[in-house]
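Undergrad:
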Amino acid sequence: MDMGERQPAALSDLPILREIQMVSVERASKIYGEAPGFAALDGVDLAVYKGDFLAIVGPSGSGKSTLLNVIGCIEKLSSGTLRIEGFAVNSLSPDALAELRSAKLGFIYQTFNLIPVLTALENVELPLYRRNVPARERRQRAIQLLRDVGLERFASHTPRMLSGGQRQRVAIARALINRPSLILADEPTANLDRKTGLEIIQLLGNLNRRTGVTIIFSTHDPHIMRQATRVIEIQDGRMPAPGR
Amino acid sequence: MYYIKLGIRNIFRNKGRSLVTLAAISFGCMALIISGGFIEDAITQLREAYIRAILGHVQIHRKGYYQKGGSKPFQYMIPSSQAVLQELARFPQVKNLAPRLEFSGLLSTGETSIAVIGQGVDPERERHISTLFVMTEGSNLEVDDEFMVIVGTGLASAVGLKAGSPAVLLANTKAGAINGLDAQVKGVFHTVHKAYDDRAVRVPLKMAQKLLETQNVQTITIIAHDTSQTDELRSALELHFKGRGLDLEAVAWHQMPDADYLLKTIAYNRRLFLILNIIIIISVVLSIINTMNMAVIERIGEIGTFMAIGYRPREVARLFLVEGAVMGLLGGVLGMAGGYVSARLISWIGIPMPTPPGTTVEWIARIEIVPEVFGLALAAAIATALAASVMPAMKITRLEIGEALRRNV
């Protein structure tokens with residue numbers, strides 16, 4: 006079921022981009038616990054195209070977070086296939102998956118997941134430390150991103166000194182620092198008031214339109230889902246309609 | 095650098111827990127410094143007492159003296175001329191030196207006779223060699239003394255001698271005859287070595303030479319400026335003797351048969367210190383491992399975030415290991431400072447110690463400041479904190495990222 010309102014200016018509307026499949030999930034199942042276990046995902050099929058600004062909606066416990074974790078190579082599928090940019094990632098080693106996450110993916114969480122002992126600037130730089138990016142370049146990229154999310158003057162603040170909206174902006178900057186091709190946001194507005202939540206989702210939408218980065222986010226807020234270019238519904242680990 | 099910065103910040107994140115951990119490491123470090131300093135002081139005091147009362151740092155003998163000199167003492171004599179002594183005194187490490195003539199004989203009081211080990215000494219020179227030679231009764235030998243003897247406490251009590259007592263000293267002469275000299279006990283002494291005190295008699299060198307009918311000595315005992323110069327001095331003397339074609343050998347205190355008890359005591363104390371070290375280190379590991387574990391459990395969500403953004407489990411584990419090492423370094427530095435202050439304070443007060451086995455004197459223990467022990471304590475502090483971090487770090491490598499992220503809620 007495709008519920009999203011198409012935004013004419015979305016990059017994903019460009020026919021050429023519609024052809025490039027960023028993520029492909031086929032007959033994906035994720036079962037927790039010992040047999041028979043609990044099926045958090047049950048035969049899910051989903052295709053995400055380059056430039057998509059996709060919302061996954063559904064009630065709590067429907068499998069939204071599990072689906073995002075699977076696409077983010079954080080959790081392995083029990084069965085089925087996951088392809089990112091055409092490459093099947095199911096059989097990759099943990100180290101290769103870590104490298105893939107570091108190079109291609111950005112993550113945003115409802116709890117922001119910032120490192121409390123680091124400043125906003127250092128939190129944004131965090132993914133680059135392990136990639137041996139020179140300090141000067143690391144700093145320049147992080148400051149530019151903080152400027153992009155309107156937090157340049159809060160660079161030296163620790164997360165404790167920032168509001169929820171500001172923390173999420175820092176998390177967005179951190180997700181972008183590796184110049185990922187896909188950003189996964191798990192209920193990025195859930196811990197924010199409606200106005201701030203809307204600002205955050207609009208910021209993500211702008212990024213999507215401006216840079217072409219593919220963004221998949223989960224939400225159960227109708228106001229938020231309306232900002233997406235595509236909306237996919239999930240219930241009890243299944244998609245009532247194919248997510249294509 | 096980034097790992098160290100993050101490690102330091104994480105240490106100050108939970109100040110209470112870090113303080114407890116730092117305190118455990120610091121106290122462990124202090125315990126190592128104090129116990130090490132105590133044992134080193136005991137070793138130093140015992141060693142110096144042996145060296146400065148009996149052995150000297152280096153002894154010069156005719157080659158083979160230790161192997162055969164016991165049975166044929168007169169074949170291993172060396173001239174005791176001033177020229178020889180002056181030649182040896184030119185070595186920069188030499189502080190004092192004195193000739194000695196050793197003999198075995200009998201000391202008779204009229205009622206009883208007892209086998210003794212005699213030493214003829216130059217009273218003036220020997221005063222600067224046997225600086226830790228303690229007179230418990232009467233007085234030490236003087237330059238002008240002719241037929242005076244001083245006896246060890248054990249010997250004195252065995253035959254009932256005291257200052258002023260008459261005694262007859264009997265020994266074999268160079269020619270093989272038995273010679274005897276009347277003497278008077280001038281004083282009673284003790285050294286650190288009970289077995290020596292039970293049999294030792296010291297007489298003026300001239301009296302010993304008269305008794306044995308010789309003009310020579312067997313030993314020239316040398317005291318260096320510092321014990322650490324012993325081997326350097328011995329090597330220099332050996333080189334000198336070889337260069338001059340002299341049939342002499344230089345023997346360091348630790349090579350002498352009389353040092354056997356001392357060396358075994360040193361080895362025993364060092365082993366004791368090693369065992370103590372192991373116990374202290376295990377205690378510290380056990381006391382901080384829980385807090386290190388808590389640091390991981392508290393931050394599982396954060397660990398999940400690190401791994402989600404591409405850090406490999408071993409890279410995150412390294413963060414915790416570095417944190418442990420930084421904690422160990424901080425605790426070690428604090429412990430070294432605390433150890434130094436405590437050592438100074440304890441040494442200033444002094445610890446009265448009972449007579450150790452095999453010796454005759456009570457002593458005041460102090461805590462020696464030993465740079466090597468400080469280095470060891472610092473290394474142990476870091477290694478201990480690292481060891482306590484290994485288990486939590488291994489736990490990280492087994493974490494499921496998704497499960498870890500769920501702990502962020």
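As given, the protein sequences belong to chains A and B, one line each in that order. First residue of the first sequence: 6, per this note's numbering; consecutive thereafter. First residue of the second sequence: 95, per this note's numbering; consecutive thereafter. Backbone N, C-alpha and C fix where the C-beta goes; we use that ideal spot for every residue, glycine too.
Taking only beta-carbon atoms, is Glu396 of chain B less than 8 angstroms away from chain A?
TA: Closer than 8 angstroms: yes.
Undergrad: Does the beta carbon of Glu80 of chain A sit closer than 8 angstroms to a beta carbon anywhere in chain B?
TA: Answer yes: the Cβ-Cβ gap between Glu80 of chain A and chain B drops below 8 angstroms somewhere.
Undergrad: Quick one: is Gln169 of chain B buried, meaning 16 or more other Cβ sit within 10 Å of its Cβ, or exposed?
TA: By the 10 Å Cβ count, Gln169 of chain B comes out exposed.
Undergrad: With a Cβ-Cβ cutoff of 8 angstroms, do Asn118 of chain A and Val175 of chain A count as a contact?
TA: No, the Cβ-Cβ distance between Asn118 of chain A and Val175 of chain A is not below 8 angstroms.
Undergrad: The alpha helix (DSSP H) that contains Arg364 of chain B, what's its start and end?
TA: Its alpha helix (DSSP H) spans residues 354-392.
Undergrad: Under 8 angstroms: do the stretch 246-261 of chain B and the stretch 291-299 of chain B share three or more Cβ pairs, one atom per stretch?
TA: At 8 angstroms Cβ cutoff, the stretches touch.
Undergrad: Please list the partners that Gln131 of chain A has in chain B, where partner means a Cβ-to-Cβ separation under 7 angstroms.
TA: The question names Gln, but residue 131 of chain A in the sequence shown is Leu. Going along chain B in sequence order, the residues near Leu131 of chain A (Cβ under 7 angstroms) are Ile403.
Undergrad: Taking only three categories from DSSP, how would you classify Met244 of chain A?
TA: Coil, per DSSP.
Undergrad: Can at least three beta-carbon pairs, one atom from the stretch 86-102 of chain A and one from the stretch 29-38 of chain A, be found at a separation below 8 angstroms?
TA: Segments in contact, yes.
Undergrad: List, in order along the chain, the chain A residues whose C-beta lies closer than 9 angstroms to that of Glu409 of chain B?
TA: By Cβ distance, chain A contributes Ala103, Arg135.
Undergrad: What ranges does the beta strand (DSSP E) occupy inside the stretch 91-120 of chain A, keeping only unbroken runs of at least 3 residues that lie completely in it?
TA: For the stretch 91-120 of chain A, whole beta strand (DSSP E) runs of length 3 or above, ordered along the chain, are 110-114.
Undergrad: To test your reading of the DSSP string, which unbroken alpha helix (DSSP H) runs of 4 or more residues are found completely within the stretch 45-98 of chain A?
TA: Complete alpha helix (DSSP H) runs here, min 4: 69-76.
Undergrad: If we count the other Cβ atoms within 10 Å of its Cβ and call it buried at 16 or more, is Asp216 of chain B buried or exposed?
TA: So Asp216 of chain B counts as buried.
Undergrad: By the DSSP assignment, the alpha helix (DSSP H) with Asn213 of chain A in it spans what residues?
TA: Element bounds for Asn213 of chain A: 199-216.
Undergrad: Return no unless some Cβ of chain C is closer than 8 angstroms to the Cβ of Asn104 of chain B.
TA: The displayed structure is made up of protein chains A and B, and chain C is not among them.
Undergrad: Mapping the DSSP letters down to three states, classify Arg231 of chain A as helix, strand or coil.
TA: In this structure, Arg231 of chain A counts as coil in the three-state DSSP scheme.
Undergrad: Name the chain B residues whose beta carbon is nearer than 7 angstroms to that of Gly85 of chain A?
TA: Neighbours of Gly85 of chain A on chain B: none; closest Cβ ~16 angstroms, over 7 angstroms.
Undergrad: Please confirm whether His155 of chain B and Val345 of chain B have their CB atoms less than 8 angstroms apart.
TA: Yes, the Cβ-Cβ distance between His155 of chain B and Val345 of chain B is below 8 angstroms.
Undergrad: So Lys300 of chain B is in the alpha helix (DSSP H); what residue range does that whole segment cover?
TA: Looking at the DSSP string, the run of the alpha helix (DSSP H) that includes Lys300 of chain B is 299-306.
Undergrad: Please name the residue or residues paired with Gln213 of chain B in a DSSP beta bridge.
TA: Per DSSP, B:Glu196, B:Arg296.
Undergrad: Around the Cβ of Ala271 of chain B, are there at least 16 other Cβ atoms within 10 angstroms (buried) or fewer (exposed)?
TA: Classification of Ala271 of chain B: exposed, given that the 10 Å Cβ count is below 16.
Undergrad: Answer yes or no: do Gly422 of chain B and Thr385 of chain B have a C-beta to C-beta separation smaller than 8 angstroms?
TA: Going by C-beta atoms, Gly422 of chain B is not nearer than 8 angstroms to Thr385 of chain B.
Undergrad: Please confirm whether Gly42 of chain A has its beta-carbon closer than 8 angstroms to some beta-carbon of chain B.
TA: Chain B, which has no Cβ nearer than 8 angstroms to the Cβ of Gly42 of chain A, makes this no.
Undergrad: Who does Glu343 of chain B pair with in a DSSP beta bridge?
TA: Answer by DSSP bridge pairing, in chain order: B:His155.
Undergrad: For Ala101 of chain A and Ile463 of chain B, I'd like the C-alpha separation in whole angstroms.
TA: Whole-angstrom Cα-Cα distance: 53 angstroms.
Undergrad: Listing by chain order, which chain B residues have their CB less than 8 angstroms from the CB of Ser34 of chain A?
TA: Near Ser34 of chain A there are no residues of chain B at all, since even the closest Cβ is about 15 angstroms away, more than 8 angstroms.
Undergrad: Identify whether Val455 of chain B lies in helix, strand or coil by the three-state DSSP scheme.
TA: Three-state result, Val455 of chain B: coil.
Undergrad: To which residues of the same chain is Ala277 of chain B closer than 8 angstroms at the C-beta, ignoring the five residues directly before and after it?
TA: Contacts found: Phe241, Met242, Val243, Pro260, Ala261, Val262, Leu263, Val297, Met301.
Undergrad: So, at 6 angstroms on beta carbons, what are the nonlocal neighbours of Phe335 of chain B in its own chain, with the 5 sequence-adjacent residues on each side left out?
TA: Leu342, listed in sequence order.
Undergrad: Taking the beta carbon of Val435 of chain B as the centre, do at least 16 other beta carbons fall within 10 Å, making it buried, or is it exposed?
TA: The residue in question, Val435 of chain B, is exposed, as its Cβ has fewer than 16 Cβ neighbours within 10 Å.
Undergrad: Assign Tyr37 of chain A to one of three DSSP states: helix, strand, or coil.
TA: Tyr37 of chain A: strand per DSSP, three-state reduction.
Undergrad: Report the option in B:Glu417, B:Arg500, B:Arg438 whose CA atom is closest to the CA atom of Asn108 of chain B.
TA: Answer by Cα proximity: B:Glu417.
Undergrad: Pick helix, strand or coil for Glu240 of chain B, following the three-state DSSP scheme.
TA: DSSP places Glu240 of chain B in coil when its eight states are reduced to three.
Undergrad: Can you pull the chain B residues whose beta carbon is under 7 angstroms from the beta carbon of Ile89 of chain A, in chain order?
TA: Result: empty, since nearest Cβ-Cβ is about 14 angstroms, beyond 7 angstroms.
Undergrad: Around the Cβ of His222 of chain B, are there at least 16 other Cβ atoms within 10 angstroms (buried) or fewer (exposed)?
TA: Under this definition His222 of chain B is an exposed residue.
Undergrad: Can you find a CB in chain B that lies within less than 8 angstroms of the CB of Arg146 of chain A?
TA: No - not a single Cβ of chain B is within 8 angstroms of the one on Arg146 of chain A.
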